[in-house]
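Q:
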Amino acid sequence: MAKVICIVNQKGGVGKTTTAVNLAASLAVAEKKTLLVDIDPQGNATSGVGVDKRELEWSIYDTLIGDDAAAQMIKNTALEYLDVLPSSADLSGAEIELVTAEHRDSRLKNALKSVKDAYDYVLIDCPPSLGILTLNALAAAESVLVPVQCEYYALEGLSQLIHTIGLVKSRINNSLKIEGILLTMFDTRTNLSHQVVSEVEKFFKEKELVFKTIIARNIRLSESPGYGKPIILYDITSRGAKDYLNLAKEIIVNGRKKN
Ligand SMILES: Nc1ncnc2c1ncn2[C@@H]1O[C@H](COP(=O)(O)OP(=O)(O)OP(=O)(O)O)[C@@H](O)[C@H]1O
Ligand SMILES: [Mg+2]
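Heads up: the sequence shown begins at -13 in the numbering used here, then just goes up one per residue.
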C-alpha cells in the first residue's frame, strides 16, 4: 500500500517543490513506484519533472472540482518508476470553488483512493498557504514532511503549522503523523545556517523529528527545473543529487523500522 506524504510549509520559497520533485525522483531510481501529486496552482512540480502545463488536456483540477477519475490525469515521466498528477493554472480558482463543494476537505483523498495502491509512495507538493488545497493534502496524507530553510525567520510560522497539523489530526485525519522536519538550503560557510540547525533541533527536541539528512545549498538544484529535470537526471554527480538520495534512503529505512 502506498505511503502518502505531503510536503507542507505555508512559508514561500523554503524548498517544498525542490524536495517533492527530487525526493520523488530519488525514490523512483530506488525502484519505488512513486506518484508526484502537484496541488499547487503554480505548477512548479509539474514542470519540474518535464510536463508542459500549457499542453495539458486534464489536470488535478478536474478531479478536485469535476470528480473525473484521477487515473486519466496521470502522466508518465522520463523515469520509469515516477508518474505525476499535474497541476494547472485553473487550480487557482479551486480555493474559491471548493468553499461550497460537498466534502470539500476530502476531495483529494477520495480522488487518490482509486490510484494510490499502484504506488509505493505518493508525494504531494503543496502551495505556500494553509488554505483549502493544503487542507486537502493534509487530509489525504499519512504523514507531513516540513522543509525549513536555513535562513532568518526559519522558525516563523512553524508553531502555527504544528497547531494546524494538530487540528487536522483531531478533526479530519486522526492517523496523521509528522514524517520529519527537513533543513534545506544549508550553507556550511555561514554561522546562520548552523544557528538555524541548532534552533530547529531545540524546537523539536524530544520528538527526534528532524531528519538526519540536511539539504545543502547547491546551484545545480536551482538550475535543474529550467531543464524540466530532477537533479538526478540533470547532474547525478552534484551535492544536491547526493543529498536527496540520502533523504530517500532515510525515509525508506524509517518506514521499515515502523513496520
Ligand atoms: N538546496 C537548494 N539549493 C539551491 N537552491 C535551492 C535549493 N532548494 C531550493 N532552491 C531554490 O530556491 C527557490 C525556492 O525553492 P522551491 O520552489 O522548492 O520552494 P517552495 O517552497 O516550493 O516555494 P513556493 O512556496 O513558492 O511553492 C527555487 O528557485 C529553488 O530552485
Ligand atoms: Mg513550490
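From the three backbone atoms N, C-alpha and C, an ideal C-beta is built for every residue, glycine too.
Keep in mind it's a predicted model, so treat the numbers as computed, not measured.
#1: Measure the Cβ-Cβ separation of A202 and D229 and say whether it is below 7 Å.
#2: Which value, in whole angstroms, describes the spacing of the CA atoms of V183 and P114?
#3: Mapping DSSP to helix, strand and coil, what is S129?
#4: Quick one: is G79 buried, meaning 16 or more other Cβ sit within 10 Å of its Cβ, or exposed?
#5: Check whether the stretch 120 to 133 touches the stretch -8 to -1, counting contact only when three or more Cβ pairs, one atom from each stretch, lie closer than 8 Å.
#6: Would you mind giving the Cβ-Cβ distance between A31 and V101, rounded to the nearest angstrom? I have them listed as a contact below 8 Å.
#7: Check K(-11) in the structure and name its three-state DSSP category.
#8: Where N122 and E187 are concerned, what is the direct C-alpha to C-alpha distance, given to the nearest angstrom?
#9: Taking 8 Å as the cut-off, does the stretch 13 to 23 touch the stretch 140 to 154 (at least 3 CB pairs, one atom from each stretch)?
#10: Taking Cβ to Cβ, would you say G214 is nearer than 7 Å to G1?
#11: Kindly indicate the opening and closing residues of the alpha helix (DSSP H) around V186.
#12: Is any non-hydrogen atom of ligand 3 found closer than 6 Å to the C-beta of N204, if you look at the structure I gave you?
#13: Could you say which of R90, K18, Y138, A75 lies nearest to I46 if we only look at CA atoms?
#14: Under the three-state reduction of DSSP, which class applies to V85: helix, strand or coil?
#15: With 16 other CB atoms within 10 Å as the buried threshold, where does L141 fall?
#16: Does the distance from the CB of T174 to the CB of A97 come in under 7 Å?
#17: Please report how far the alpha carbon of P211 lies from the alpha carbon of V7, in whole angstroms.
#18: By how many angstroms is the C-alpha of I60 removed from the C-alpha of L119?
#19: For Y105, which residues of its own chain have a beta-carbon under 7 Å away from its beta-carbon, when the five flanking residues on both sides are left out?
#20: When you compare only the Cα positions, how much space is there between G143 and F189?
#21: Who are the near neighbours of L9 in its chain, counting only those whose CB is closer than 7 Å to its CB and skipping five residues on each side?
#22: What is the DSSP secondary structure of A64, reduced to helix, strand or coil?
A: Based on what the coordinates show:
#1: Against a cut-off of 7 Å, the Cβ pair of D229 and A202 comes out as a contact.
#2: Cα to Cα, V183 sits roughly 22 Å from P114.
#3: Here DSSP, grouped into helix, strand and coil, assigns S129 to strand.
#4: Classification for G79: exposed.
#5: Result yes; three or more Cβ-Cβ pairs closer than 8 Å.
#6: Here A31 is actually not in contact with V101; their C-beta atoms are around 17 Å apart, not less than 8 Å.
#7: If DSSP states are grouped into helix, strand and coil, K(-11) belongs with the strands.
#8: Going from the Cα of N122 to the Cα of E187 covers about 28 Å.
#9: Cβ pair count under 8 Å is below three, so no.
#10: Not a contact, by the Cβ cut-off of 7 Å.
#11: Counting along the chain, the alpha helix (DSSP H) containing V186 begins and ends at 177 to 189.
#12: This structure does not include ligand 3; its bound ligands are ligand 1 and ligand 2.
#13: Minimum Cα distance to I46 is reached at A75.
#14: The answer is helix: DSSP assigns V85 an H, G or I state.
#15: When all chains shown are included, L141 counts as exposed.
#16: Taking 7 Å as the Cβ cut-off, T174 and A97 do not qualify as a contacting pair.
#17: One C-alpha to the other measures close to 9 Å.
#18: Looking at the two C-alpha atoms, the distance is approximately 19 Å.
#19: Around Y105: A(-12), K19, T20, L21.
#20: Straight-line Cα distance between these residues: approximately 13 Å.
#21: Answer for L9: L109, Y230, L233, A234, listed in chain order.
#22: Per DSSP, reduced to three states, the secondary structure at A64 is coil, with no helix or strand assignment.
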